[in-house]
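A.B. asks: The working numbering puts the first residue of the sequence shown at 1372, with every later residue one more than the last. Before I ask anything, here is the structure I am working with.
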Amino acid sequence: MLVSLARWSRIALMALAVAFVTPAAAQPAATADTAANKALVLGFWRNVFDAQDWAKAKDYLSEDYIQHNPNVASGLKGFTDYFSKLWPAPKLAGSVVETQFAAVLAEGDLVQLMMRRPRPEPADATKTYDSYWFDLFRVKDGKIVEHWDSALKPAK
């Protein structure tokens, strides 16, 4: 039993050593494309969402944009129709409040935004707690082509 345990311990240590020395090439490197994708998604968020200027979405979204939020139809038109009904007019210059991102991550054609959103404490309306929301975007040829988030359908 001791021989077997010692043997398995050596195998586990070797596997761990291999994991630590595996070249970073196994992971996609940050490239100019990755940086451009990140800048595109941040520009989209700032100029479209923060400013609530839905007409500018055409500068960032592909016509056949795929939307995985169950409340918003896919396509550029589905996006602009939905958000134009919620907030019909762009914010005035100087009144735009920029979203505070807790993290912006990019790998290859994917960019993820993580936002801290203070929420009212249900048990005490004078207090808040932090909730974190995530949006994931896929970029292709300089346009956002797909989006995921954790939105749910509203209760009726």
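C-beta atoms are modelled at their ideal positions from N, C-alpha and C, and glycine is treated no differently. Model, not experiment: these values are computed from the prediction.
#1: At the 8 angstroms Cβ level, is Glu1469 part of the contact set with chain B, yes or no?
#2: Looking only at its own chain, which residues have a Cβ that is under 7 angstroms from the Cβ of Phe1472, when we skip the five neighbours before and after it?
#3: In its own chain, which residues sit with a C-beta less than 7 angstroms from the C-beta of Asn1408, not counting the 5 before and 5 after it?
#4: Roughly how many angstroms lie between the CA atoms of Ala1426 and Val1419, to the nearest whole one?
#5: Cβ atoms of Trp1519 and His1439: under 8 angstroms apart, would you say?
#6: Quick one: Cα of Leu1507 to Cα of Ala1474, how far?
#7: Per DSSP, Gln1471 forms a beta bridge with which residues?
C.D. replies: Straight from the coordinates:
#1: Chain labels in this structure do not include chain B; a single protein chain is all it has.
#2: On the sequence shown, residue 1472 is found 101 positions in, with the first residue counted as 1. So the qualifying residues of the chain are Leu1484, Met1485 and Met1486.
#3: Locating residue 1408 in the sequence shown gives position 37, counting from the first residue. Closer than 7 angstroms at the Cβ level, and outside the excluded window around Asn1408, lie Ala1477, Asp1480, Val1482 and Val1510.
#4: Indexing the sequence shown from 1 puts residue 1426 at position 55. Indexing the sequence shown from 1 puts residue 1419 at position 48. So the alpha carbons of these two residues sit roughly 8 angstroms apart.
#5: Stepping through the sequence shown from its first residue, residue 1439 is reached at position 68. Stepping through the sequence shown from its first residue, residue 1519 is reached at position 148. Against a cut-off of 8 angstroms, the Cβ pair of Trp1519 and His1439 comes out as a contact.
#6: Position 136 of the sequence shown, counted from the first residue, corresponds to residue 1507. Position 103 of the sequence shown, counted from the first residue, corresponds to residue 1474. Cα to Cα, Leu1507 sits roughly 12 angstroms from Ala1474.
#7: The residue you call residue 1471 lines up with position 100 of the sequence shown. BP columns for Gln1471 are empty, so no partner.
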